[in-house]
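In this note's numbering, the protein residues as written are 3 to 281. Glycine included, C-beta positions come from ideal geometry on N, C-alpha and C. Just so you know, these numbers come straight off a predicted model, no measurement behind them. Here the structure is laid out as structure tokens; the discussion comes afterwards.
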């Protein structure tokens with residue numbers, strides 16, 4: 003009888019099963035070989051894990067350096083060209099919007115859209131420019147752009163000289179009307195005078211408003227938030243109010259002799275940080 007036939011006939015025999023299992027047990031040499039292979043596999047696994055961990059750390063370090071470099075490049079570009087801080091990444095979330103903003107066609111551009119990410123204080127996100135505007139005050143329809151930290155002084159001086167020019171024009175026309183005799187010139191003088199009065203009232207009110215805001219170290223958007231909080235019965239804390247004199251230095255520069263000149267000399271803040279009061 004062959005071995006295969008014996009195996010088939012003894013399948014149900016317990017002694018045959020015991021002998022067969024004992025014959026299949028590994029020898030001491032086989033056990034050592036298996037242990038050696040296991041240890042080698044563990045070493046290879048540890049080496050692969052260490053290599054993967056070092057590569058991950060290297061990639062993370064390179065990514066961090068790349069982000070830092072991009073941040074520096076964006077900051078240089080924003081200071082030289084766009085005058086605003088461009089974030090590397092952002093997640094858009096809509097915060098509470100003052101209802102006054104939506105009374106204007108450009109109001110939707112000025113609401114606070116932002117999420118987690120680097121953000122300078124007092125900045126506003128612009129959906130049009132895809133950038134953060136440093137110390138954004140408002141969008142001026144006269145210039146078609148944001149009025150912010152880099153051009154706020156020029157905006158104030160433009161208002162001041164427009165109002166001064168309107169006063170000068172009104173005074174000259176009043177004196178001129180007493181000496182002119184031609185009817186056409188009288189009509190043109192009255193028409194010019196009416197325009198000057200309209201400019202004086204409109205721009206004068208705007209100038210007085212911004213003079214007040216400068217004295218409190220508030221932007222136009224911050225003032226809107228203040229009004230809405232007071233209207234809702236909440237308190238508004240202005241942490242940037244340093245006193246009238248220091249507030250004017252914050253907006254126009256530390257040297258008062260240059261306040262009426264269209265040059266940015268001695269500007270106190272770069273738009274990325276602002277001093278706060280200790281109240």
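Over the uninterrupted alpha helix (DSSP H) stretch that includes residue 223, give me the two end residues. 222 to 233
Kindly identify the DSSP beta-bridge partner or partners of residue 181. Residue 181 is not bridged to any residue.
What residue from 60, 137, 65 and 122 has the CA that sits closest to residue 224's CA? 137
Under DSSP, the beta strand (DSSP E) around residue 147 begins and ends at which residues? 147 to 149
Between the region 200 to 210 and the region 244 to 258, are three or more C-beta pairs nearer than 8 Å? no
Work out the CA separation of residue 124 and residue 65 for me, nearest whole Å. 29 Å
Secondary structure of residue 138, DSSP reduced to three states: coil
Can the beta-carbon of residue 172 be found less than 7 Å from the beta-carbon of residue 198? yes
When you compare each of 175, 228, 165 and 219 to residue 200 by their alpha carbons, which one comes out closest? 165
According to the neighbour-count rule (16 or more other Cβ atoms, all chains shown, within 10 Å of its Cβ), is residue 126 buried or exposed? buried
Residue 238 and residue 251 closer than 7 Å at C-beta: no
Between the CA atoms of residue 159 and residue 217 - distance to the nearest angstrom: 16 Å
CA-to-CA distance, residue 145 to residue 298, given in whole angstroms: Residue 298 cannot be examined here, being either before or after the span of the chain that is shown, 3 to 281.
Does residue 149 pass the burial test, meaning 16 or more other C-beta atoms within 10 Å, or should it be called exposed? buried
Return the Cβ separation of residue 221 and residue 139 in integer angstroms, given the expectation that the two are a contact with Cβ distance under 8 Å. 4 Å
Do residue 202 and residue 168 count as a contact pair if the criterion is CB distance below 7 Å? yes
By DSSP, does residue 256 sit in helix, in strand, or in coil? coil
Cβ neighbours of residue 277 in the same chain (closer than 7 Å, five flanking residues each side left out): 244
Consider the C-beta atom of residue 135 and the heavy atoms of the ligand SAM; say whether any pair is separated by less than 6 Å. This structure does not include the ligand SAM; it has no bound ligands of any sort.
Put residue 154 into one of helix, strand or coil per three-state DSSP. helix
Just to confirm my understanding: we take residue 156, look at its own chain, exclude 5 residues before and 5 after, and list those with CB closer than 8 Å. What are they? 264
Using a Cβ-Cβ cutoff of less than 8 Å, which residues in the same chain neighbour residue 188 once the five nearest sequence positions on both sides are dropped? 179 and 182
What separation, rounded to the nearest whole angstrom, lies between the Cα atoms of residue 59 and residue 53? 10 Å
Considering only C-alpha positions, which residue in the set 122, 275 and 143 is nearest to residue 133? 122
Less than 7 Å between the C-beta atoms of residue 195 and residue 175, yes or no? yes
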